[in-house]
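Below: one structure, written as structure tokens.
In this note's numbering, the protein residues as written are 1112 to 1249.
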């Protein structure tokens, strides 16, 4: 990779809601609408919480592997969405934020959950893709 001057972007692991039962309800019924108040949302669409420290501990092996790769390969970059989905200072991670579903099962983001990461990912890409300072000043 280095010889070809190619780069690689890895995503650090997301929080995993392993004990959350799979949603059997069509996802379209999991979102409030003017005709479907929050009280009518099926039980399997309700927020699910996990301990933040435990979630970080569970992803430690993947994070350690990514750290070792970063140390060995300067053209590998890691985007970490974990603090965006489960902010520091919170005791728990949730499948929802302010009543909006971010995860549609234990491991996959909803469209809304993915779209919430776009601004941070774009900023990350700008940083990764910007030339070194000495090259920019020439």
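Glycine is no exception: its CB is placed at the ideal position from the N, C-alpha and C atoms. Predicted model, so just to flag it, every value in this text is computed and none were measured.
Run the CB neighbour count on residue i, radius 10 Å, all protein chains shown included, and call it buried at 16 or more, exposed below.
i, result
"residue 1161", "buried"
"residue 1124", "buried"
"residue 1214", "buried"
"residue 1201", "exposed"
"residue 1209", "exposed"
Go ahead and pull the three-state DSSP assignment for residue i.
i, result
"residue 1144", "strand"
"residue 1218", "coil"
"residue 1189", "strand"
"residue 1323", "No statement about residue 1323 is possible, as the shown extent of the chain runs from 1112 to 1249 and does not include it."
"residue 1203", "strand"
"residue 1125", "coil"
"residue 1165", "helix"
"residue 1119", "strand"
"residue 1069", "Absent from the structure is residue 1069, since the part of the chain shown begins at 1112 and ends at 1249."
Does the distance from the CB of residue i to the CB of residue j come in under 8 Å?
i, j, result
"residue 1188", "residue 1118", "yes"
"residue 1153", "residue 1170", "no"
"residue 1217", "residue 1128", "yes"
"residue 1064", "residue 1203", "For the chain, the structure presents residues 1112 to 1249; residue 1064 sits outside this window and is missing."
"residue 1221", "residue 1159", "no"
"residue 1234", "residue 1197", "no"
"residue 1195", "residue 1240", "no"
Closest to residue i by CA distance: which of the options is it?
i, options, result
"residue 1192", "1114, 1147, 1230", "1230"
"residue 1131", "1156, 1140, 1146, 1121", "1156"
"residue 1199", "1208, 1180, 1163, 1182", "1163"
"residue 1236", "1122, 1184, 1183, 1177", "1122"
Check whether the Cβ of residue i sits closer than 7 Å to any heavy atom of the ligand ZN, and report yes or no.
i, result
"residue 1190", "This structure simply doesn't include the ligand ZN, nor any ligand for that matter."
In terms of residue numbering, what span does the alpha helix (DSSP H) encompassing residue i cover?
i, result
"residue 1182", "1171-1183"
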